[in-house]
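Here the structure is laid out as structure tokens; the discussion comes afterwards.
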Amino acid sequence: MDTRASLIGLAQPALKDALLAAGVPEKSAAMRTRQLWNWIYVHGARDFAAMTNLAKDFRALLEDKFTLARPEVVTAQLSNDGTRKWLLRTGPGIEFETVYIPEEDRGTLCVSSQVGCTLTCKFCHTGTQKLVRNLTPAEILGQLFVARDTLGDWPSTAENRKVTNIVMMGMGEPLYNFDNVKAALGIVTDGDALALSRRRVTLSTAGVVPMIPRAGSEIGSSLAISLHAVRDDIRDVIVPINKKYPIKELLDACRTYPGASNARRITFEYVMLKGVNDSLAEARELVQLIKGIPAKINLIPFNAWPGAPYECSDWAQIEKFAEIVNRAGYASPVRTPRGRDIMAACGQLKSESVKERASARLAAEKAADELAAVQSAQLARMPH
Ligand code: SAH
1439 MDTRASLIGL AQPALKDALL AAGVPEKSAA MRTRQLWNWI YVHGARDFAA
1489 MTNLAKDFRA LLEDKFTLAR PEVVTAQLSN DGTRKWLLRT GPGIEFETVY
1539 IPEEDRGTLC VSSQVGCTLT CKFCHTGTQK LVRNLTPAEI LGQLFVARDT
1589 LGDWPSTAEN RKVTNIVMMG MGEPLYNFDN VKAALGIVTD GDALALSRRR
1639 VTLSTAGVVP MIPRAGSEIG SSLAISLHAV RDDIRDVIVP INKKYPIKEL
1689 LDACRTYPGA SNARRITFEY VMLKGVNDSL AEARELVQLI KGIPAKINLI
1739 PFNAWPGAPY ECSDWAQIEK FAEIVNRAGY ASPVRTPRGR DIMAACGQLK
1789 SESVKERASA RLAAEKAADE LAAVQSAQLA RMPH
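The sequence shown begins at 1439 in our numbering and counts up by one.
Listed below in structure tokens is the structure:
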């Protein structure tokens, strides 16, 4: 087993400390830190040998003590719509998924913050998996490294880079892993590191209300809220964290979110569940509820998974719902499902943290295949 320490995910002061501890003299430590920073995050260097402007014996010392290893790729899948999904592993039972969604004008990486999740949202596949643990900054950033390595997307400052946006919308609740998410996103948005503007980084939360002001002031990314219902009785059931932090408190936190403005709207995600939350009366209540918040509403067609207790609303209903929201002055884009054929769409991510019998696994795979076939037929009927 490799016992060398990873340098990925350390903030600059911690990186400098690691170099000092390894014997780098104080007088050159600051410069060495900057050089390494540039190699690791701008050029995506995977080993120290590639760092040609560093002295040979310094490179040997780094090689001896440290690593820039990526998470192990367990599976890499490519959807017929160009979406990619990776299942990554960083230790026994520590598996998590990452999804890359290419679009005409951007490429979005959907990043996980936890292995499993504690929230148990009824419509979410990840919610059926118990929390295994929080991901470290290295593991959060490791997802970006694997994507960029695969896509040949270095240096990170290139004009036509492929990963242009990051959404913390993979497995887990980012605000329950605040420190590690903050550390990782600090490096993502550092102009001398991965150099993505804060506007291109979106953190999505199911509503950990006490952490929302801190997310605004300490991370400063764009904010998305998984709202999904307009009344507490329904939200209590489908997004159980609502019992702790009900809708009113959640929306109050949005009203005071630092940096929200018409130029930087808060996104409200709303999954369309047939007969559960998709009536036109609810669309009208929704626009009343969010009055005064600079917002856009992202309607998400429900993505099914084996055993899911819900169905997606009919397309015509989604359109009518969207129109009401839109007429009230809010952008109401319907999120095109991407990567459904490889179970990469919203709410479909899950890793095998629990041991399954081979027979159960085969049955689950068969069910997933059948579902994918039904869904691609459904997708073919949807207007684009
Ligand atoms: N825990 C955070 C981050 C996950 S984001 C949060 O809840 O915001 C994943 C998004 O996909 C959330 O808006 C989630 O509610 C939504 N989602 C979950 N399951 C889904 C499904 N089956 N179909 C469509 N969207 C789903």
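Just so you know, even glycine gets a beta-carbon here, dropped at the ideal spot from N, CA and C. Note that the coordinates shown come from a computational prediction; the quantities given were computed from them, not determined experimentally.
(request) Determine the direct distance from the alpha carbon of T1705 to that of I1672, and round the result to whole angstroms. (result) A direct Cα-Cα distance of roughly 20 Å separates I1672 from T1705.
(request) Report whether the distance from the Cβ of Q1755 to the nearest heavy atom of the ligand SAH is below 7 Å. (result) Not under cutoff, so the answer is no.
(message) As a quick exercise: from G1713, M1710 and L1727, pick the residue whose alpha carbon is nearest that of D1690.
(response) Here the closest residue by C-alpha is L1727.
(request) Let me know if P1696 comes out buried or exposed under the rule of 16 or more other beta-carbons within 10 Å of its beta-carbon. (result) Taking every protein chain shown into account, the CB of P1696 has fewer than 16 other CB atoms within 10 angstroms, so this residue is exposed.
(request) Please classify M1609: does DSSP put it in a helix, a strand, or coil? (result) In the structure shown, M1609 adopts coil according to DSSP, grouped into three states.
(request) Kindly identify the DSSP beta-bridge partner or partners of Y1708. (result) The partner list for Y1708 (beta bridge, DSSP) reads L1737.
(request) Provide the residue span of the beta strand (DSSP E) that contains F1534, from first to last. (result) Segment I1532 to P1540, the beta strand (DSSP E) holding F1534.
(request) Taking L1688 as part of the alpha helix (DSSP H), name the residues at either end of that continuous run. (result) According to the DSSP assignment, L1688 belongs to the alpha helix (DSSP H) that extends over I1685 to R1693.
(request) Could you tell me the boundaries of the alpha helix (DSSP H) in which W1753 lies? (result) First-last of the alpha helix (DSSP H) with W1753: W1753 to R1765.
(message) Here's the rule I'm using: 16 or more other beta-carbon atoms within 10 Å means buried, otherwise exposed. How should D1591 be labelled?
(response) Buried, by the Cβ-count rule.
(request) Just the C-alpha distance for G1645 and K1686, rounded to the nearest angstrom, thanks. (result) If I take the Cα positions, the gap works out to 11 Å.
(message) If I follow the unbroken alpha helix (DSSP H) through G1461, where does it start and stop?
(response) Run containing G1461: none; DSSP gives neither H nor E here.
(request) Just tell me which of D1630, L1613, Q1786 and P1747 has its CA closest to the CA of G1777. (result) Of the listed residues, the one whose Cα sits closest to G1777 is Q1786.
(request) Give the secondary structure of R1571 by DSSP, where H, G and I count as helix, E and B as strand, and everything else as coil. (result) DSSP, read as helix, strand or coil, puts R1571 in strand.
(message) Need the endpoints of the beta strand (DSSP E) that R1522 sits in, please.
(response) Annotation: the continuous beta strand (DSSP E) that includes R1522 extends over R1522 to G1529.
(message) Buried or exposed for N1615, going by 16 or more other Cβ atoms inside 10 Å?
(response) It counts as buried.
(request) On a CA-only basis, which of N1518, R1508 and E1541 is nearest L1525? Give me that one, please. (result) Cα-wise, what sits closest to L1525 is R1508.
(request) Could you tell me if the beta carbon of P1744 falls within a distance shorter than 7 Å of some heavy atom in the ligand SAH? (result) Relative to the ligand SAH, P1744 has its C-beta separated by 7 Å or more from all heavy atoms.
(request) Thinking M1823 and C1750 are a contact (beta carbons under 8 Å), I'd like their distance in whole angstroms, please. (result) Absent from the structure is residue 1823, since the part of the chain shown begins at 1439 and ends at 1822.
(request) Using the DSSP secondary-structure output, state which residues sit across from N1603 in a beta bridge. (result) Answer is T1546.
(message) Helix, strand or coil, according to DSSP, for E1794 in the structure here?
(response) Legend: pLDDT at E1794 = 44, less than 50; position of this residue unreliable, no value from coordinates given.
(message) Let's test the definition: count the other Cβ atoms within 10 Å of the Cβ of G1610 and tell me whether it reaches 16, buried, or not, exposed.
(response) Buried, because 16 or more other Cβ atoms sit within 10 Å of the Cβ of G1610.
(message) According to DSSP, simplified to helix, strand and coil, what is V1668?
(response) Here V1668 sits in coil by DSSP.
(request) May I ask you to list the residues that DSSP assigns as paired with T1643? (result) Residue pairing from DSSP places T1643 in a beta bridge opposite I1663.
(message) Going by C-alpha to C-alpha distance, which of F1504, D1502 and Q1552 sits closest to G1565?
(response) Per the Cα distances, Q1552.
(request) Helix, strand or coil for E1749, going by three-state DSSP, please let me know. (result) It is coil, neither helix nor strand.
(request) Evaluate N1700 with the Cβ neighbour count: other Cβ atoms within 10 Å of its Cβ, from every protein chain shown; 16 or more gives buried, anything less gives exposed. (result) Classification of N1700: exposed, given that the 10 Å Cβ count is below 16.
(message) For G1730 and L1547, I'd like the C-alpha separation in whole angstroms.
(response) Each residue's Cα considered, the two are about 30 Å apart.
(message) Using CA atoms only, rank isn't needed, just tell me which of S1770, R1484 and K1788 is closest to G1580.
(response) Nearest C-alpha to G1580: R1484.
(message) For I1446 and S1517, I'd like the C-alpha separation in whole angstroms.
(response) Rounded to whole angstroms, I1446 to S1517 spans 29 Å at the Cα level.
(request) Count the other C-beta atoms from every protein chain shown that fall within 10 angstroms of the C-beta of T1694, then say buried if there are 16 or more, exposed otherwise. (result) When all chains shown are included, T1694 counts as exposed.
(request) Buried or exposed for R1586, please, with buried defined as at least 16 other CB atoms from any protein chain shown within 10 angstroms of its CB. (result) By the Cβ neighbour-count rule, R1586 is buried, with 16 or more other Cβ atoms within 10 Å of its own.
(request) Could you check what DSSP says for F1561 in three-state terms: helix, strand or coil? (result) In the three-state reduction of the DSSP assignment, F1561 falls in the coil class.
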